[in-house]
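S.K.: Counting from 1275, one number per residue, gives the positions in the sequence shown under the working numbering. Backbone N, C-alpha and C fix where the C-beta goes; we use that ideal spot for every residue, glycine too.
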Amino acid sequence: MPPEVDVKVTTTERVFPQKSKQHEHVVPLSLLDATTANFALTNAIWLFEPLDERNVANVAVHLRQTLSIALTSYPQWAGQLKSITVVDDVSIPAEVREFPAHARRFGRVYAHFGASADVGVEFVSATSSATTDSLYQIERVKTQPLWNRKDDNLGKFVPVVDIAHALQPNEPDATTGLRKPIMAIQCTTLSDGGFVLAAKTAHPFADITGLIRFVTDWASVSTAVIKGLTAPTLTPVFEPARLDNLAAGNINAEEPDLAIISRAERLPLHRYDWWAAPGNPPTPFLDAAKLVSPAGKPMPWAEWNSNAPVSDYTIHLNTKQVDFLFNEATNGTDSNGPRISKHDAVLAHIWSCIVRARQLGKDDGPVHCDLVLGLRSAFNLGEDFLGSPIIMMNIELPGSEVGREQTSNATSSMVAITRKIRHTISTVSDPANLADHLHSATYEKSPQRIWQAFLGRRHILVTTWARAGIYDVDFGLGSRIRYADGIVPNLDGCVLIKEAPPPPGQSFSGSRPSWTGSGVDISVHICTEDMERLLKDPLLLPRLD
């Protein structure tokens, strides 16, 4: 068991854009941004090795100063996150009356920034007696391919700061007079000269692509300052309306287009209704004279024992194992068929292993891989596009097909599973289908009403950081990233797929030939009883000897 880690906060302050010439803006966030209002925070941690050379006297002070410069191109992150809380258009706040009709509906969220009431980004400076080696061993991927995160200490470096929630009031604190920020960052200096950087933000403002884009831009400013150069021109794209404008039909009309709704309902997307019993609609919809009709299926709570203990392991697949799984997934497939990716193969493999661990390998009932899909590429928005343009799809197969018991190292079911994964992704990411979905979602009573996923025995909820560039961050400090990680809820079925750390002596810069070049790390959270079976599965770590 690693020693207990101490973290001592030295300063806490709010950071604002360096250039204060910003004008006041009130900008509706996109419909998809609004659907993420109740999601867990977007949260990432970087462990940096001791600095090779002391380019700055104090890392935390340097990062705080350069953060202010970077925020000049990201002023919305220093502002406020708000939402429409009324159903009567007459009662909406004056500041949103110029919004398009669709953006004035209940539950839509918006940014208010460039004003004297701006909140700023919380920046926490801290120190710790921990060392880089005590937090993460370089040889972990070889010595601990099955890494029990129970005693892991990296999560203790995340700032203990409440983040603004779009659907909740954000009044000034009675003691400090401060409102909750949209983003919080903590820089903790370690005793050996390394440091830990952790950032978390409200999900409507950024998925992991957006957060890493911001941190990468911030790092480029830091590098320029260290070299005595002019800070680079940053070009993030904060234009949420571009996404809404891609919806099918006229989303400002009072009623939806039923033909579009019918098409959208045929897409492979879950429709679990948070308002169905035992849930309740929000207060504005509780008027008995206006009963709210069902909008989807009730949550299948019987499938999820939320009181069962959950274990958290990071499973490492090396490059050869990933290649083996890819070859198995494409074995005998037609070159003219759907293009299977290595991510498809890794996803099929871990899903299959989890289904077996849950003892559903002989169950003909459906099991679900609820995969979070980023839509920047599908909608041609570009990687600079900010926000959370994401959707969760339902990849569904019988448990007996996904978790088929194997008699050897062969994974004969991989081809069928990966084909289903690829077919579902292709269907959902078709721009016409996405346009229909946007139209449909616009007319929900609330963007947050429908959950496109679930957890528990028959579901995994998969977030992927493949190609997100978590190891591409370079602040110009001569310090290599030892490990980068994400914080996801420790709930039965949460899975995070991401690139593994580069080997010693290798530092990533710019684009890489393959996100699997150093192997893949898969963070798996499932109930402890199932985890014990998962770890004993002889197929979990393919043997190639």
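Please go through the same chain and pick out, in chain order, the residues whose beta-carbon is closer than 7 angstroms to the beta-carbon of F1782, but skip the five residues on each side of it.
M.R.: Below a pLDDT of 50, predicted positions are generally treated as unreliable, and F1782, at 48, falls in that range; no measurement from the model is reported.
S.K.: Taking the Cβ atom as the reference point for each residue, do Q1350 and F1290 lie within a distance shorter than 8 angstroms?
M.R.: No, these two residues do not count as a Cβ contact at 8 angstroms.
S.K.: Which residues in the same chain as F1512 place their Cβ atom closer than 7 angstroms to its Cβ, once the five residues preceding and following it in sequence are excluded?
M.R.: If we look at F1512 and ignore the five residues flanking it on each side, its Cβ neighbours are Q1350 and L1660.
S.K.: In its own chain, which residues sit with a C-beta less than 7 angstroms from the C-beta of Y1717, not counting the 5 before and 5 after it?
M.R.: Only P1530 meet the Cβ criterion.
S.K.: Output the distance between the C-alpha atoms of N1519 and G1353, rounded to the nearest integer angstrom.
M.R.: Spanning the two alpha carbons is a distance of roughly 24 angstroms.
S.K.: For S1753, which of V1335, S1399 and G1468 has the nearest alpha-carbon?
M.R.: Checking every option, the nearest Cα to that of S1753 belongs to G1468.
S.K.: What whole-angstrom Cβ distance do L1303 and Y1384 have, given they're in contact under 8 angstroms?
M.R.: The Cβ separation is near 6 angstroms, so the contact holds.
S.K.: Classify E1369 as buried or exposed, calling it buried when 16 or more other Cβ atoms lie within 10 Å of its own Cβ.
M.R.: By the neighbour-count rule (16 or more Cβ atoms within 10 Å), E1369 is not buried but exposed.
S.K.: Under the three-state reduction of DSSP, which class applies to N1592: helix, strand or coil?
M.R.: It is coil, neither helix nor strand.
S.K.: Determine the direct distance from the alpha carbon of L1541 to that of E1602, and round the result to whole angstroms.
M.R.: The alpha-carbon atoms of E1602 and L1541 are separated by roughly 28 angstroms.
S.K.: Grab me the residues of Y1348's own chain with a C-beta within less than 7 angstroms of its C-beta, minus the 5 sequence neighbours each way, in chain order.
M.R.: For Y1348, where only same-chain residues beyond five positions count, the Cβ hits under 7 angstroms are F1488 and P1510.
S.K.: Would you kindly work out how many angstroms separate the C-alpha atoms of V1629 and P1583, rounded to a whole number?
M.R.: Roughly 18 angstroms separates the two Cα atoms.
S.K.: According to DSSP, which residues form a beta bridge with T1801?
M.R.: Before going on, a small fix: residue 1801 reads as Cys here, not Thr. Answer is V1584, bridged to C1801.
S.K.: Given this structure, state the Cα-to-Cα distance separating A1652 from P1705, to the nearest angstrom.
M.R.: Cα-Cα distance, rounded: 6 angstroms.
S.K.: Let's test the definition: count the other Cβ atoms within 10 Å of the Cβ of P1663 and tell me whether it reaches 16, buried, or not, exposed.
M.R.: Flag for P1663 reads buried.
S.K.: Determine the direct distance from the alpha carbon of D1804 to that of E1679, and round the result to whole angstroms.
M.R.: Their Cα atoms are separated by approximately 16 angstroms.
S.K.: Under the three-state reduction of DSSP, which class applies to S1402: helix, strand or coil?
M.R.: Note: S1402 maps to coil in three-state DSSP.
S.K.: Excluding the 5 residues flanking E1528 on each side, which residues of the same chain have their C-beta closer than 6 angstroms to its C-beta?
M.R.: So no residue of the chain qualifies.
S.K.: From which residue to which residue does the alpha helix (DSSP H) around G1673 run?
M.R.: Counting along the chain, the alpha helix (DSSP H) containing G1673 begins and ends at G1673 to V1676.
S.K.: Kindly identify the DSSP beta-bridge partner or partners of R1288.
M.R.: The partner list for R1288 (beta bridge, DSSP) reads E1396.
S.K.: D1638 by DSSP, collapsed to three states: which one?
M.R.: Coil at D1638, not helix or strand.
S.K.: Applying the 10 Å Cβ sphere with the 16-neighbour rule, what's the burial state of E1372?
M.R.: Label assigned to E1372: exposed.
S.K.: Would you kindly work out how many angstroms separate the C-alpha atoms of N1231 and L1565, rounded to a whole number?
M.R.: Not covered by the structure: residue 1231. The range shown for the chain is 1275 to 1819.
S.K.: Out of V1434, P1721, P1374 and L1464, which has the shortest C-alpha to C-alpha gap to A1440?
M.R.: Answer by Cα proximity: P1721.
S.K.: Out of curiosity, what's the CA-to-CA distance linking G1784 and P1324?
M.R.: Caution is warranted here: a pLDDT of 49 is assigned to G1784, below 50, making its placement in the model unreliable, and the coordinate value is therefore given only provisionally. Distance between the alpha carbons of G1784 and P1324 is about 22 angstroms.
S.K.: Looking at C-alpha atoms only, which residue of A1334, A1308 and I1734 is the closest neighbour of L1471?
M.R.: Residue A1334 is the option with its Cα nearest to L1471.
S.K.: Rounded to whole angstroms, what is the Cα-Cα separation between V1689 and G1743?
M.R.: In a straight line, the C-alpha of V1689 is about 28 angstroms away from that of G1743.
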